[in-house]
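Chains as they are written, first to last, in my numbering: chain A, -14 to 370; chain B, 50 to 378.
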């Protein structure tokens, strides 16, 4: 019972599974959900990953509140500014500030910036900034920022630097997290419907239908993803609206994801068909629908969650790759992929390495989703060893 | 064995047919037929194409026929080796593909060899020394390879090398050898340029293979025959290499085919980032220019290649490991 009580968004919701379940008698009366949760908590890495994924979703909800500058704002005088790291102390005194950046041109007429720490730019919590809409409410509060309605470019803060057009990378990253994760979630939704349905049909009817679906899945999985995705994405006209393209790309990245889900559902379904409790339900005269939804589904929904989590990671990577190649989402849409699109080649990266910071977000998110999915999968069968 | 062979062959043929249909659909997805697009691009460069010329083009490509007839004509042309014309490169698709075929194959083959050389020993080590620091490090890098998109690995590695050594790892040839005839010096130059792309391309595939090799070997190590061999006094090294590793290697054979789609996908992205003269780069250029015959051919052949690879490794596996044949019957 090493997982302790510190982590997990639900740890205070279910106090039953505290430290006291060494008591085997208590384990015996636990519900399936409690058993899975208990097993999952032992998986420290998976718990930590879950917390990180939860943080990412907080960014999705509060992206504008967390941002400091309007992500769309172009500041020609501020292209490629290096990150101005947030400083929490001035000497020993707590004081949130950044150092003022002074821009000039070097002998090759390139813009260079010098950080001048004698001139501080004060950063306040709950500062007022650009106006945004939070679930329909117009707000201009931000977690932190420069509390001055007339901020000049010199005094604005760019804590992760800017891109070629002088747009604030940090704020764009917050906004990009939203779109990239929304693509994932929408894609999961689509693959969940298609995958569970075809998986269930495949397992339920067996025979020819099963064979047909399984062979189709094998064929789909044998096609290299990138050429296929790119081929499909290239067919969408470039003048489509951002929303339309968003949905089109979501469907493209879901093309593979449902196959894994259908396989899991079918496999679990077939394994379960022979179980005693199903036979018992049939003998008791339960309807087909009741057997599936009431008796069978609850015993494998954790497998579905695990597969979906792993799929989400795959979709984030797919979107990022497509957009990086200029065939997924297109600017002005902001996603991880379109952000990395600005770091096209080695020369640009050498000039402005901070443009790769969105890549760190992608890696952390994808790894966390992988660990979380693995953890759920291990915990999904609480009766095993 | 014959029944197994025939069944696999039928599956492979069906899969190849399905891939060809998918490729055909993708080719036909863009709005308007490509002759219209072609006329528009020609007009933009000041080349006027007369209406009856356009009509004869449509007739030649069978664009007035029903869809299934179009498909049949298209696929029979492909099977006869007529892959169509690439408007973007202004050359037959066959010529365009042929130009960079060698580079592409070298890159792919290099990556496969790299994956084998790296993944199998690491996988063996990880399994034999389970939960040792080395195992954890291997697992960690394995996960990292899985979690980082290919283009990001390429970008970061190329940047680090550029930053530390000043060597710009793009292209596969130095400027002076690009158009030069083949010589020992040119081959050596190519080899030097191949190292980094091969390592990058191999990294992602290595992660999967390490994990599988480790899991397989761990399963084998638990079996009673290992205990028996140990009881008979074989040294640990002899024991592991002689029995369990051989068994654990079998699935790895089939996995080479499984890695193939990843390598193809990866090489497209990598060629773009590092500007490598491969089919992958031409493919991307064709896609952005809506040069459908070229992009369609690449999608079709990369799919077919994978299916043939899977078929081949299935046969190889069945030949090496008779249990698989029995299970299937």
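Cβ atoms here follow ideal geometry from the backbone N, Cα and C, with glycine treated the same way.
Inset, instruction - Measure the alpha-carbon distance for residue 354 of chain A versus residue 194 of chain B and round it to whole angstroms. - result: Within the first chain, residue 354 of chain A is the residue found at index 369, counting from 1. Within the second chain, residue 194 of chain B is the residue found at index 145, counting from 1. If you take the alpha carbons of residue 354 of chain A and residue 194 of chain B, they lie about 14 Å apart.
Legend entry - Cutoff 7 Å; reference residue 134 of chain B; Cβ partners in own chain excluding five residues on either side: The count along the second chain starts at 1 and reaches residue 134 of chain B at position 85. Counting only Cβ-Cβ distances below 7 Å, and skipping sequence neighbours, we find 141, 142 and 342.
Legend entry - Proximal chain B residues relative to residue 348 of chain A, where beta-carbon distance stays under 9 Å: Here residue 348 of chain A refers to the residue found at position 363 of the first chain. Those are 193, 196, 197, 198 and 201, listed as they occur along chain B.
Legend entry - Listed by chain order, chain B residues near residue 164 of chain A by CB distance under 7 Å: Numbered from its first residue, the first chain carries residue 164 of chain A at position 179. The contacting residues do not exist; residue 164 of chain A stays about 16 Å from chain B at best.
Inset, instruction - Mind listing the chain A neighbours of residue 342 of chain B? Cutoff is C-beta to C-beta under 9 Å, in chain order. - result: Within the second chain, residue 342 of chain B is the residue found at index 293, counting from 1. Going along chain A, no residue has its Cβ under 9 Å from residue 342 of chain B, so there is no contact; the nearest lies around 12 Å.
Inset, instruction - Taking only beta-carbon positions, decide if residue 6 of chain A is within less than 8 Å of chain B. - result: As a working mapping, residue 6 of chain A is identified with position 21 in the first chain. Interpretation of residue 6 of chain A is limited by its pLDDT of 48, a score under 50 that renders its predicted location unreliable; the figure taken from the coordinates is listed afterwards. By this cut-off, residue 6 of chain A is not an interface position.
Inset, instruction - Could you tell me which chain B residues have their CB closer than 8 Å to the CB of residue 355 of chain A, listed as they occur along the chain? - result: What you label residue 355 of chain A is simply residue 370 of the first chain in a count that begins at 1. Residues of chain B passing the Cβ test: 192, 195 and 196.
Legend entry - Opening and closing residue of the alpha helix (DSSP H) in which residue 248 of chain A lies: To locate residue 248 of chain A, count along the first chain from 1; it is residue 263. Here the alpha helix (DSSP H) through residue 248 of chain A covers 227 to 258.
Inset, instruction - Classify residue 122 of chain A as helix, strand or coil using the three-state DSSP reduction. - result: Taking the first chain and counting its residues from 1, one reaches residue 122 of chain A at position 137. Residue 122 of chain A: strand per DSSP, three-state reduction.
Inset, instruction - Use the C-beta contact count for residue 152 of chain B: other C-beta atoms within 10 angstroms, 16 or more gives buried, fewer gives exposed. - result: The residue you call residue 152 of chain B lines up with position 103 of the second chain. Buried, because 16 or more other Cβ atoms sit within 10 Å of the Cβ of residue 152 of chain B.
Legend entry - Any chain B beta carbon closer than 8 Å to residue 204 of chain A: The sequence position of residue 204 of chain A within the first chain is 219, counting from 1. Yes, residue 204 of chain A lies at the interface with chain B (some Cβ there is under 8 Å from its Cβ).
Legend entry - residue 109 of chain A in three-state terms, based on DSSP: Taking the first chain and counting its residues from 1, one reaches residue 109 of chain A at position 124. DSSP places residue 109 of chain A in strand when its eight states are reduced to three.
Inset, instruction - Report back the beta-carbon spacing between residue 151 of chain A and residue 228 of chain A to the nearest angstrom; my notes put them in contact at under 8 Å. - result: Along the first chain, one-based indexing puts residue 151 of chain A at 166. Along the first chain, one-based indexing puts residue 228 of chain A at 243. Not confirmed; about 27 Å, so no contact.
Legend entry - Coarse secondary structure for residue 25 of chain A, derived from DSSP in three states: Counting from 1 along the first chain, the entry for residue 25 of chain A is found at position 40. Helix, per DSSP.
Legend entry - For residue 154 of chain B and residue 309 of chain B, the rounded distance between their alpha carbons: On the second chain, residue 309 of chain B is found 260 positions in, with the first residue counted as 1. On the second chain, residue 154 of chain B is found 105 positions in, with the first residue counted as 1. Cα to Cα, residue 309 of chain B sits roughly 12 Å from residue 154 of chain B.
Inset, instruction - If I'm right that residue 181 of chain A touches residue 250 of chain A with Cβ under 8 Å, what's the distance once you round it to whole angstroms? - result: Your numbering for residue 181 of chain A matches position 196 in the first chain. Your numbering for residue 250 of chain A matches position 265 in the first chain. At roughly 5 Å, the Cβ-Cβ gap stays under 8 Å, so residue 181 of chain A and residue 250 of chain A are in contact.
Legend entry - Distance between residue 159 of chain B and residue 106 of chain B (C-alpha atoms, nearest Å): To locate residue 106 of chain B, count along the second chain from 1; it is residue 57. To locate residue 159 of chain B, count along the second chain from 1; it is residue 110. The C-alpha of residue 106 of chain B lies about 42 Å from the C-alpha of residue 159 of chain B.
Inset, instruction - Can you say whether residue 340 of chain A is buried or exposed, counting buried as having 16 or more other CB atoms within 10 angstroms of its CB? - result: Along the first chain, read from residue 1 onward, the residue named residue 340 of chain A stands at position 355. It counts as buried.
Legend entry - Cutoff 7 Å; reference residue 237 of chain A; Cβ partners in own chain excluding five residues on either side: Translated into positions along the first chain, residue 237 of chain A becomes position 252. Hits under 7 Å: 214, 217 and 218.
Legend entry - 8 Å CB neighbourhood of residue 185 of chain A in its chain, flanking five on each side removed: Along the first chain, read from residue 1 onward, the residue named residue 185 of chain A stands at position 200. Once the five neighbours on either side are set aside, the close Cβ partners of residue 185 of chain A are 250, 251, 254 and 277.
Inset, instruction - Since I believe residue 168 of chain B is in contact with residue 259 of chain B (beta carbons under 8 Å), could you give me their beta-carbon distance rounded to a whole number of angstroms? - result: If you number the second chain from 1, residue 259 of chain B lands on position 210. If you number the second chain from 1, residue 168 of chain B lands on position 119. Indeed they touch by this definition, with Cβ atoms about 5 Å apart.
Legend entry - Among B:145, B:246, B:198 and B:78, the one whose alpha carbon lies nearest that of residue 300 of chain A: Position 315 of the first chain holds residue 300 of chain A. Selected option, being the one with the closest Cα: B:198.
Inset, instruction - Would you mind working out which of B:173, B:147 and B:71 sits nearest residue 264 of chain B, comparing C-alpha positions? - result: On the second chain, residue 264 of chain B is found 215 positions in, with the first residue counted as 1. The residue with the shortest Cα to Cα distance from residue 264 of chain B is B:173.
Inset, instruction - Indicate whether at least one CB of chain B lies closer than 8 Å to the CB of residue 244 of chain A. - result: Counted from its first residue, the first chain places residue 244 of chain A at position 259. No, no contact with chain B.
Inset, instruction - Using 10 angstroms around the beta-carbon of residue 290 of chain B, count the other beta-carbons present and answer buried if the total reaches 16, otherwise exposed. - result: The sequence position of residue 290 of chain B within the second chain is 241, counting from 1. Under this definition residue 290 of chain B is an exposed residue.
Inset, instruction - With 7 Å as the limit, tell me which residues of the region 347 to 365 of chain B have their beta carbon closer than that to any beta carbon of chain A; keep them in chain order. - result: Against chain A - using a Cβ distance shorter than 7 Å - the residues of the region 347 to 365 of chain B are 347, 348, 351, 352, 355, 356 and 359.
Inset, instruction - Compare the beta carbon distance of residue 198 of chain A and residue 177 of chain A with 8 Å and say whether it is the shorter of the two. - result: Translated into the one-based positions of the first chain, residue 198 of chain A becomes position 213. Translated into the one-based positions of the first chain, residue 177 of chain A becomes position 192. No, Cβ-Cβ distance for residue 198 of chain A and residue 177 of chain A is not below 8 Å.
Legend entry - Span separating the alpha-carbon of residue 298 of chain B from that of residue 32 of chain A: On the second chain, position 249 is the one that residue 298 of chain B refers to. On the first chain, position 47 is the one that residue 32 of chain A refers to. Looking at the two C-alpha atoms, the distance is approximately 34 Å.
Legend entry - CA-to-CA distance, residue 38 of chain A to residue 356 of chain A, given in whole angstroms: Locating residue 356 of chain A in the first chain gives position 371, counting from the first residue. Locating residue 38 of chain A in the first chain gives position 53, counting from the first residue. If you take the alpha carbons of residue 356 of chain A and residue 38 of chain A, they lie about 10 Å apart.
Legend entry - residue 377 of chain B - DSSP class collapsed to helix/strand/coil: Sequence index remark: in the second chain, residue 377 of chain B carries index 328 (1-based). Low local confidence applies: a pLDDT of 49 at residue 377 of chain B is under 50, so the model's placement there is unreliable, and no value is given.
Legend entry - Cutoff 8 Å: residue 87 of chain A Cβ touching any chain B Cβ: Residue numbering aside, residue 87 of chain A sits at position 102 when the first chain is read from its first letter. Not a single CB atom of chain B sits nearer than 8 Å to the CB of residue 87 of chain A.
Inset, instruction - Measure from the C-beta of residue 339 of chain B to each C-beta in chain A and report whether the shortest distance is under 8 Å. - result: Stepping through the second chain from its first residue, residue 339 of chain B is reached at position 290. Answer yes: the Cβ-Cβ gap between residue 339 of chain B and chain A drops below 8 Å somewhere.
Legend entry - residue 320 of chain A: contacting residues in chain B (beta-carbon distance under 9 Å): Walking along the first chain from the start, residue 320 of chain A turns up at place 335. Near residue 320 of chain A there are no residues of chain B at all, since even the closest Cβ is about 13 Å away, more than 9 Å.
Inset, instruction - Output the distance between the C-alpha atoms of residue 50 of chain A and residue 161 of chain A, rounded to the nearest integer angstrom. - result: To locate residue 50 of chain A, count along the first chain from 1; it is residue 65. To locate residue 161 of chain A, count along the first chain from 1; it is residue 176. Their Cα atoms are separated by approximately 14 Å.
Inset, instruction - Taking C-beta pairs closer than 8 Å, name the residues in chain A that residue 67 of chain B reaches, listed in chain order. - result: As a position in the second chain, residue 67 of chain B is number 18, starting the count at 1. At a beta-carbon threshold of 8 Å, the residues of chain A lying near residue 67 of chain B are 201 and 204, ordered along the chain.
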